[in-house]
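Here's the structure we're looking at; comments come further down.
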Amino acid sequence: MTGFSTTGADTTGAEPTTAATADVLTTTSTERSAAIMARARTRFPGGVNSPVRAFGGVGGEPFVAARGEGARVWDADGNEYIDYILSWGPMVLGHAPRVVLDAVSTVMQNGTSFGMPTGLEVELADRITARMPHVEMMRFTSSGTEAAMTIARLARAATGREHILKFEGCYHGHADGFLVRAGSGVATLGLPDSPGVPDALAKLTLTCRYNDLDAVAKIAREIPLAAIMLEPIVGNGGFIEPTADFIPGLRRIADETGALLVFDEVMTGFRIAFGGARERFDVVPDLTALGKVIGGGLPVAVYGGRADLMQRIAPSGSVYQAGTLSGNPLAMAAGIATLDALTRDVHEAITAQTARLVQGMRDLAARHGVPFTASHAGSMWGFFFRAEPAINFDDAKQSDTALFKRFFHAARRRGVSLAPSPYEAAFMSAAHGDREIDETLDRLDRALGAALAGRD
Ligand SMILES: *Cc1c(COP(=O)(O)O)cnc(C)c1O
Numbered sequence: 179m180t181g182f183s184t185t186g187a188d189t190t191g192a193e194p195t196t197a198a199t200a201d202v203l204t205t206t207s208t209e210r211s212a213a214i215m216a217r218a219r220t221r222f223p224g225g226v227n228s229p230v231r232a233f234g235g236v237g238g239e240p241f242v243a244a245r246g247e248g249a250r251v252w253d254a255d256g257n258e259y260i261d262y263i264l265s266w267g268p269m270v271l272g273h274a275p276r277v278v279l280d281a282v283s284t285v286m287q288n289g290t291s292f293g294m295p296t297g298l299e300v301e302l303a304d305r306i307t308a309r310m311p312h313v314e315m316m317r318f319t320s321s322g323t324e325a326a327m328t329i330a331r332l333a334r335a336a337t338g339r340e341h342i343l344k345f346e347g348c349y350h351g352h353a354d355g356f357l358v359r360a361g362s363g364v365a366t367l368g369l370p371d372s373p374g375v376p377d378a379l380a381k382l383t384l385t386c387r388y389n390d391l392d393a394v395a396k397i398a399r400e401i402p403l404a405a406i407m408l409e410p411i412v413g414n415g416g417f418i419e420p421t422a423d424f425i426p427g428l429r430r431i432a433d434e435t436g437a438l439l440v441f442d443e444v445m446t447g448f449r450i451a452f453g454g455a456r457e458r459f460d461v462v463p464d465l466t467a468l469g470k471v472i473g474g475g476l477p478v479a480v481y482g483g484r485a486d487l488m489q490r491i492a493p494s495g496s497v498y499q500a501g502t503l504s505g506n507p508l509a510m511a512a513g514i515a516t517l518d519a520l521t522r523d524v525h526e527a528i529t530a531q532t533a534r535l536v537q538g539m540r541d542l543a544a545r546h547g548v549p550f551t552a553s554h555a556g557s558m559w560g561f562f563f564r565a566e567p568a569i570n571f572d573d574a575k576q577s578d579t580a581l582f583k584r585f586f587h588a589a590r591r592r593g594v595s596l597a598p599s600p601y602e603a604a605f606m607s608a609a610h611g612d613r614e615i616d617e618t619l620d621r622l623d624r625a626l627g628a629a630l631a632g633r634d
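Under the numbering used here, think of the first position of the sequence shown as 179, with each following residue one higher.
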């Protein structure tokens with residue numbers, strides 16, 4: 179029906195469950211998934227095309243997706259889940275939304291790629307600038323990695339400086355310079371987080387604790403920074419919010435020291451507020467990276483900001499960056515349809531559902547008497563098994579990760595798809611109605627009971 183079925187799995191709905199206990203929804207068999215993964219492991223490192231999909235953080239057989247519709251996904255074994263991974267953020271309208279499928283199938287009749295400018299690129303760009311006026315000019319790429327990587331290049335070219343400051347627990351894609359371990363203490367002269375990243379390059383990336391403005395001020399005065407780059411709300415170290423003075427403080431420090439302020443909104447864009455971080459925090463960055471939601475599930479990212487900076491990009495300027503499939507028409511069509519459907523009213527509605535889920539989770543955790551904190555910004559949310567909200571990645575790491583693992587598996591067995599790591603944000607879509615939220619809370623209540631009893 180949607181054309182999204184990829185494995186020939188039974189998509190006609192779940193058979194009555196044969197699971198061991200009545201409160202468990204999924205079958206205990208993972209035959210088809212296991213067979214696919216066995217073949218995948220001979221072709222892909224770890225059997226996957228992006229590491230987190232391998233479930234290294236929680237163990238067990240990875241989720242092999244067969245189909246999605248609205249708030250739900252089905253795995254290759256026919257199990258149905260209410261999904262909060264949502265492709266790690268892009269599916270803000272839910273899976274296989276009709277408006278996006280129609281837009282893509284209409285556009286694709288005219289060809290799938292030209293390597294020439296198209297009107298669709300301008301249409302999507304106009305929609306982005308309408309919501310984020312500080313993104314005066316931009317350049318589309320196919321991944322957030324490319325966008326963040328190019329921002330670093332542009333910031334260095336524009337300032338004539340080499341060092342970039344990032345924060346522990348923030349992810350900016352896998353370009354060499356960003357794969358830098360966050361050390362303890364105030365700041366660490368970067369050590370590579372991955373073999374293959376040259377020390378010489380890693381040393382140009384400095385790292386501070388999130389929300390530690392004093393440390394930033396100290397470094398920025400000692401070392402000329404090309405850019406201070408952050409996730410305005412952290413999603414890649416678990417869900418971590420900035421304290422009230424943090425983002426305005428970064429703007430002030432950047433201005434005082436001549437650094438550029440960069441918001442990596444690949445995850446937060448069009449989720450934490452209708453207009454993103456600028457609207458939420460009332461701070462204007464010099465450059466912004468976007469991705470995920472703006473492609474509506476197709477590969478699109480973008481970097482942009484001040485026109486005087488963007489004019490330095492080739493061919494207007496001399497900072498080189500290119501992409502064969504950049505601005506791909508199918509991807510542009512998906513992005514346009516997604517942003518058109520994501521009106522301010524729809525954003526508010528998704529936000530309200532997110533608030534309801536988060537409050538419901540706090541309530542059920544309280545009933546179970548377990549240390550728990552959960553919060554959300556717009557349609558992005560997260561939780562930790564710890565009493566106090568986390569304000570940096572060290573806090574996040576001090577949550578009860580063993581309980582998280584049991585809870586994750588218990589939730590999966592009851593038909594709720596959560597990110598397979600305590601250090602990943604969760605998402606909500608326009609397709610998650612009251613019924614899905616109620617079902618989720620009921621399932622998570624039972625899942626938490628099982629996890630606390632040491633079961634899954
Ligand atoms: C996902 C993400 C990226 C990387 O985007 P890809 O499209 O996976 O390369 C960069 N920054 C942030 C904040 C992200 O969440």
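Glycine residues also receive a C-beta, built at the ideal position from the N, C-alpha and C atoms.
| Asked | Found |
| --- | --- |
| Taking the continuous beta strand (DSSP E) assigned at S553, which residues delimit it? | 551-555 |
| Identify which residue in Y601, H312, L630, L465 has its Cα closest to the Cα of F417. | Y601 |
| Express the C-alpha separation of V285 and P507 in angstroms, rounding to a whole number. | 7 Å |
| Please go through the same chain and pick out, in chain order, the residues whose beta-carbon is closer than 6 Å to the beta-carbon of F452, but skip the five residues on each side of it. | R522, H525 |
| Kindly identify the DSSP beta-bridge partner or partners of W266. | The partner list for W266 (beta bridge, DSSP) is empty, contrary to what the question assumes. |
| Measure the alpha-carbon distance for G363 versus C386 and round it to whole angstroms. | For G363, the pLDDT reaches just 37, beneath the cut-off of 50, and the residue's location in the model is therefore unreliable, although a value from the coordinates is still provided. Rounded to whole angstroms, G363 to C386 spans 8 Å at the Cα level. |
| I'd like the span of the alpha helix (DSSP H) that includes E617, first residue to last. | 612-630 |
| Please return the same chain residues whose Cβ sits closer than 8 Å to the Cβ of H312, not counting the five positions on each side in sequence. | R456, V462, P463, T466, G483, R484 |
| Please classify S504 as buried or exposed, where buried requires at least 16 other C-beta atoms within 10 Å of its C-beta. | buried |
| Could you tell me the alpha carbon to alpha carbon distance between S595 and I260, rounded to whole angstroms? | 6 Å |
| Cβ atoms of A432 and I401: under 8 Å apart, would you say? | no |
| Taking 7 Å as the cut-off, does the CB of Y349 come closer than this to any heavy atom belonging to ligand 1? | yes |
| Leaving out the 5 sequence neighbours to the left and right, which residues in its chain are closer than 7 Å to G186 when beta-carbon positions are compared? | The predicted position of G186 is uncertain, since its pLDDT is 36 and thus under 50; no value can be drawn from it. |
| Distance, Cα to Cα, I615 vs R210? | 29 Å |
| Provide the residue span of the alpha helix (DSSP H) that contains R217, from first to last. | 209-221 |
| On the DSSP bridge assignment, give the partners of H273 in chain order. | G248 |
| In whole angstroms, give me the CA-to-CA distance for L619 and G501. | 44 Å |
| How should R399 be labelled, buried or exposed, when 16 other C-beta atoms within 10 angstroms of its C-beta is the threshold for buried? | exposed |
| Taking C-beta to C-beta, are A336 and R534 nearer than 8 Å? | no |
| Relative to the C-alpha of P410, which residue among A437, G427, E443, T579 is closest? | E443 |
| Looking at ligand 1, does it come within less than 7 Å of E409, judged from the CB to the closest heavy atom? | yes |
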